[in-house]
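Protein sequences, first through last, are from chains A and B. Numbering follows my numbering, with no gaps: position 118 of the first sequence is 1296. Numbering follows my numbering, with no gaps: position 45 of the second sequence is 1223.
There are 2 protein chains.
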Amino acid sequence: METDVYAKNCPSRQVLDRIGDAWSVLIVSSLKDGSLRYTELAQRINGVSPKMLTQTLRGLERDGIVTRTVHAVVPPRVDYALTTLGRSLLGLCNALQDWAELHIGDVLDAREAYDSRP
Amino acid sequence: METDVYAKNCPSRQVLDRIGDAWSVLIVSSLKDGSLRYTELAQRINGVSPKMLTQTLRGLERDGIVTRTVHAVVPPRVDYALTTLGRSLLGLCNALQDWAELHIGDVLDAREAYDSRP
DNA sequence: CGGCATCCCCCGGGATACTG
DNA sequence: CAGTATCCCGGGGGATGCCG
């Protein structure tokens, strides 16, 4: 198959969009040690609205990156976990966060220098 | 410094946003072999509007990831190149694209399966 | 050639309230 | 508890037109 991310209509662009989505990255990273419930994800990921959490989880499920397991109990319980495909993303997500935490200082310095220019 | 990407107001979130931006990834990758002119970038990156190209380049420059060099000639010539900080991103960008090109098939299959479910 | 500036539209996404 | 439904707003981002 022809996969050129520079091409406008290449589906790999959509993959970039998904991975690029900040919520996706945070969700995948949160699930690295095992499954979590909906509420646990919501607490863990500071600032995500229920709408975006659900929406992103549905997208990840559709893309075969997470599984959604409903337990028939009261109160309801829904677990989310990574698939094999999802686990293959962990290295990337970790690298992303590592870079961010390692170079955030440089970036902030560069911004300050840029903004204080005539 | 406290760097927790799960925290709402952590600046590393902004780094995630920048790297997550599809245009940023494509620009950084395009510059891996050396500097390019504005028009060359526009041609290389299919589907980007002038506005977004300029805007993204400004953001990358502000964040210390690319340099912008204006040559005083007619017609004008502006070269963009990666900084050291920008070059440190190359591994990440390549990994991102590699993953996309490697797993795009799995993702598309998962989507089809998901969409054709009752 | 390499941009800003402006207009304008559309929808991403937050807040809130309600259900199985 | 785990969502859906609804409303609503800001701004992302395309198109177009003008400068140095």
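Ideal Cβ positions, reconstructed from N, Cα and C, are used throughout, including at glycine. Keep in mind that this is a model prediction, so the values were computed, not measured.
Quick check: what's the CA-CA separation for residue i versus residue j?
{"i": "V1285 (chain B)", "j": "G1242 (chain A)", "result": "6 Å"}
{"i": "A1288 (chain B)", "j": "I1197 (chain B)", "result": "26 Å"}
{"i": "G1264 (chain A)", "j": "V1244 (chain A)", "result": "6 Å"}
{"i": "N1272 (chain A)", "j": "S1207 (chain A)", "result": "7 Å"}
{"i": "M1179 (chain B)", "j": "A1185 (chain A)", "result": "Bear in mind that the predicted position of M1179 (chain B) carries a pLDDT of just 49, short of 50, making it unreliable; the figure below should be weighed with that in mind. Approximately 40 Å, taken between the alpha carbons."}
{"i": "L1260 (chain A)", "j": "L1238 (chain A)", "result": "9 Å"}
{"i": "Y1258 (chain A)", "j": "V1193 (chain A)", "result": "20 Å"}
{"i": "A1220 (chain A)", "j": "L1267 (chain B)", "result": "30 Å"}
{"i": "L1270 (chain A)", "j": "V1252 (chain B)", "result": "44 Å"}
{"i": "D1211 (chain A)", "j": "R1295 (chain A)", "result": "45 Å"}
{"i": "D1195 (chain A)", "j": "L1280 (chain B)", "result": "15 Å"}
{"i": "T1262 (chain B)", "j": "G1283 (chain A)", "result": "14 Å"}
{"i": "D1276 (chain B)", "j": "A1278 (chain A)", "result": "20 Å"}
{"i": "E1290 (chain B)", "j": "R1240 (chain B)", "result": "41 Å"}
Between the options, which has its C-alpha nearest residue i's C-alpha?
{"i": "I1205 (chain A)", "options": "A:Y1184, A:S1227 and A:C1188", "result": "A:S1227"}
{"i": "Y1216 (chain B)", "options": "B:L1280, B:V1203, B:S1207 and B:L1235", "result": "B:L1235"}
{"i": "Y1292 (chain B)", "options": "A:V1183, A:V1203, A:E1218 and A:R1246", "result": "A:R1246"}
{"i": "D1199 (chain B)", "options": "B:A1220, B:L1280 and B:Q1233", "result": "B:Q1233"}
{"i": "N1224 (chain A)", "options": "B:D1276, B:I1282, B:C1188 and B:G1283", "result": "B:C1188"}
Ordered along the chain, which non-local residues of its own chain (more than five positions away) have a Cβ less than 7 Å from that of residue i?
{"i": "M1230 (chain A)", "result": "W1201"}
{"i": "R1255 (chain B)", "result": "R1215 and H1249"}
{"i": "S1213 (chain B)", "result": "D1257, Y1258 and A1259"}
{"i": "L1274 (chain A)", "result": "V1203"}
{"i": "E1218 (chain B)", "result": "none"}
Considering just the uninterrupted stretch of the beta strand (DSSP E) at residue i, what are its terminal residues?
{"i": "R1246 (chain A)", "result": "V1244 to H1249"}
{"i": "A1259 (chain A)", "result": "R1255 to L1260"}
If contacts are defined as beta-carbon pairs under 8 Å, then residue i and residue j qualify, I think. What distance do you get, rounded to the angstrom?
{"i": "R1191 (chain B)", "j": "V1203 (chain B)", "result": "17 Å between Cβ atoms; not a contact."}
Within a Cβ cutoff of 6 Å, which residues of the same chain sit near residue i, ignoring the five residues on either side of it in sequence?
{"i": "R1222 (chain B)", "result": "S1208"}
Which residues mark the beginning and the end of the alpha helix (DSSP H) in which residue i is found?
{"i": "L1194 (chain A)", "result": "S1190 to G1198"}
{"i": "R1222 (chain B)", "result": "Y1216 to R1222"}
{"i": "D1241 (chain B)", "result": "D1241 (chain B) -> no alpha helix (DSSP H), and no H or E assigned at all."}
{"i": "L1286 (chain A)", "result": "L1268 to D1293"}
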